[in-house]
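J.: Okay, here's the structure, questions in a sec.
Chains as they are written, first to last, in this note's numbering: chain A, 1 to 210; chain B, 211 to 392.
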């Protein structure tokens, strides 16, 4: 009883193992030699079913896919190497049957275009960001005050300074504001003005001496 | 430099568009992606040897029989509707004196006999290829397909799909003339 059950289980398992991974391969196509059969499966997965375009002959139920699967097995049984089997089919159906295009003269553009495009795009991106950084560092990214705006601002500051009472505490942001308004060309000029202003205490929040 | 950064990508994109448009619209170069160029054109026809469909139907031929004559070999089947559509043109070719052979592809003898009786048999010889093994050898992807074999047994031309009047006049006949003259 026990040996019979074991045998039955083994047969069922073998059937399942044979059936599960295959989608299109029919039981009558499978070779007796498991090593040859696994080579056939590997080759079949790389060959295009020429009438279904994006399926391998291993996946396709088309008649021609079945015929090509049988041809692959026939060549393997005849003693061909994997490369010879593939070459045999390529000689009849062209490079198109290869799902993975070979690297050769007429596929150079196909293989080289993506890396070349990547390099071109990376170069352009680097150039763009370098230009952006340089412009930002030069301060040309901000619109400088127009001369009339500047004159108005200076007049305002002077009037406040000349008004009665203790001068208002200097805003701690004033330095930053001045920094931002400074034109790229007149750095030195500004510096002398700033020096004259800063003759007082270094802490901007402390009231200036009268 | 700044201008280059802006202009270069646009220029590359425009160039790509141009190349694609040129390839897509140039029908003379046969760029229809569904038409596959056969690697066998210009090569000796692979060796096949086919039995006749049945007694009474001329046929059975092998690759060696193709030597010495220019031959049109038409792959057909009784179940194939486009084959019926091109059948009058094949008949016309044969009646004009071209040697036309047939490969009866994945068919049964009974169906083939009935079909030939109903529509006429223009073929000087028919090889019966029930399991499509010979078709595979010749890189046939489907029916109908038409080959022109020159005197040396070399495949001079292959037409995939049904023959049309246009294909016959613009490709097949000029090719036959070229091969016959050479």
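Glycine included, C-beta positions come from ideal geometry on N, C-alpha and C.
#1: Using a cut-off of 9 Å between C-beta atoms, extract the partners of residue 247/B located in chain A.
#2: What does a CB cutoff of less than 7 Å around residue 222/A pick up in its chain, not counting 5 residues either side in sequence?
#3: Locate the alpha helix (DSSP H) running through residue 96/A, then write down its first and last residues.
#4: To which residues of the same chain is residue 299/B closer than 8 Å at the C-beta, ignoring the five residues directly before and after it?
#5: Quick one: give me the first and last residue of the alpha helix (DSSP H) that residue 173/A is part of.
#6: What do you get for residue 6/A, buried or exposed, if any count of 16 or more other CB atoms within 10 angstroms of its CB means buried?
#7: To the nearest angstrom, how far is the alpha carbon of residue 254/B from that of residue 365/B?
#8: Can residue 337/B and residue 226/B be called in contact, C-beta distance under 7 Å?
#9: Tell me, to the nearest whole angstrom, how far the beta carbon of residue 293/B is from that of residue 353/B; I am working on the premise that it is less than 8 Å.
#10: Curious, which full-length beta strand (DSSP E) runs of at least 3 residues does the stretch 327–359 of chain B contain?
#11: Going by CA-CA distance only, name the one from 97/A, 154/A and 130/A that's closest to residue 212/A.
#12: Given a limit of 8 Å on CB to CB distance, which residues of the stretch 67–81 of chain A reach chain B?
#13: Within the continuous alpha helix (DSSP H) that includes residue 151/A, where are the two ends?
#14: Among 327/B, 359/B and 391/B, whose alpha-carbon lies nearest the alpha-carbon of residue 263/B?
#15: Per DSSP, what kind of secondary structure is residue 103/A in: helix, strand or coil?
#16: Hey, is the stretch 354–362 of chain B in contact with the stretch 280–292 of chain B, meaning 3+ C-beta pairs nearer than 8 Å?
#17: Along the chain, where does the alpha helix (DSSP H) that runs through residue 281/B open and close?
#18: How would you call residue 161/A, buried or exposed, if buried means at least 16 neighbouring beta carbons within 10 angstroms?
#19: Give me the DSSP bridge partner(s) of residue 364/B.
#20: Return the bridge partner residues of residue 48/A from the DSSP annotation.
#21: From residue 137/A to residue 173/A, what does the alpha carbon distance come to, in whole angstroms?
#22: Is there a C-beta anywhere in chain A that falls below 7 Å from the one on residue 382/B?
#23: Short of 7 Å in beta carbon distance, which residues of its chain neighbour residue 212/A, apart from the five on each side in sequence? Order them along the chain.
#24: Would a check of beta-carbon distances place residue 128/A closer than 7 Å to chain B?
#25: What residue does the beta strand (DSSP E) around residue 309/B start on, and which one ends it?
#26: Excluding the five sequence neighbours on either side, which residues of its own chain have a C-beta within less than 7 Å of the C-beta of residue 334/B, listed in chain order?
#27: Establish whether the CB of residue 50/A and some CB of chain B are separated by less than 7 Å.
#28: Taking the continuous alpha helix (DSSP H) assigned at residue 393/B, which residues delimit it?
#29: If you measure from the beta carbon of residue 307/B to each beta carbon in chain A, is any gap under 7 Å?
#30: For residue 220/B, name the three-state secondary structure that DSSP assigns.
#31: What's the C-alpha gap between residue 89/A and residue 359/B?
#32: Count the other CB atoms within 10 Å of the CB of residue 247/A; is the residue buried (16 or more) or exposed (fewer)?
#33: Kindly list, in the order they appear in chain A, the residues whose Cβ is closer than 8 Å to that of residue 302/B.
#34: Residue 108/A touches chain B at which residues, Cβ-Cβ below 8 Å?
#35: Taking only the alpha-carbon atoms, compute the straight-line gap between residue 361/B and residue 252/B and give it to the nearest angstrom.
#36: For residue 256/B, return the contacting residues in chain A, with the cut-off set at a CB-CB distance below 9 Å.
T.: So, to answer that:
#1: 94 and 96
#2: With chain A covering 1 to 210 only, the question about residue 222/A has no answer from this structure.
#3: Taken as a continuous stretch (DSSP letters only), residue 96/A belongs to no alpha helix (DSSP H), as it is neither H nor E.
#4: 373, 374, 375 and 378
#5: From DSSP, residue 173/A is part of no alpha helix (DSSP H); its letter is neither H nor E.
#6: exposed
#7: 6 Å
#8: no
#9: Contact check for residue 293/B and residue 353/B: beta-carbon distance about 6 Å, within the 8 Å limit, so the pair qualifies.
#10: 335–339 and 355–359
#11: What the structure shows of chain A is the stretch from 1 to 210, and residue 212/A is not part of that stretch, so it cannot be assessed.
#12: 67, 68 and 71
#13: 147–162
#14: 327/B
#15: Here residue 103/A sits in coil by DSSP.
#16: yes
#17: Run containing residue 281/B: none in the alpha helix (DSSP H); it sits in the beta strand (DSSP E), 281–286.
#18: By the neighbour-count definition (other C-beta atoms within 10 Å, threshold 16), residue 161/A is an exposed residue.
#19: In the DSSP assignment, the residues bridged to residue 364/B are 254/B.
#20: 56/A
#21: 21 Å
#22: no
#23: Given a span of 1 to 210 for chain A in the structure shown, any question on residue 212/A remains unanswerable.
#24: yes
#25: 309–315
#26: Answer for residue 334/B: 268, 309, 310 and 311, listed in chain order.
#27: yes
#28: Any answer about residue 393/B is impossible in this case: the structure gives chain B only from 211 up to 392.
#29: Not closer than 7 Å to any Cβ of chain A, the Cβ of residue 307/B fails to qualify, so no.
#30: helix
#31: 21 Å
#32: It is not possible to answer for residue 247/A, since the shown part of chain A is limited to 1 through 210.
#33: Within 8 Å Cβ-Cβ: nothing; residue 302/B doesn't reach chain A, min ~28 Å.
#34: Neighbours of residue 108/A on chain B: none; closest Cβ ~15 Å, over 8 Å.
#35: 12 Å
#36: Near residue 256/B (Cβ distances below 9 Å), the residues of chain A are 91 and 92.
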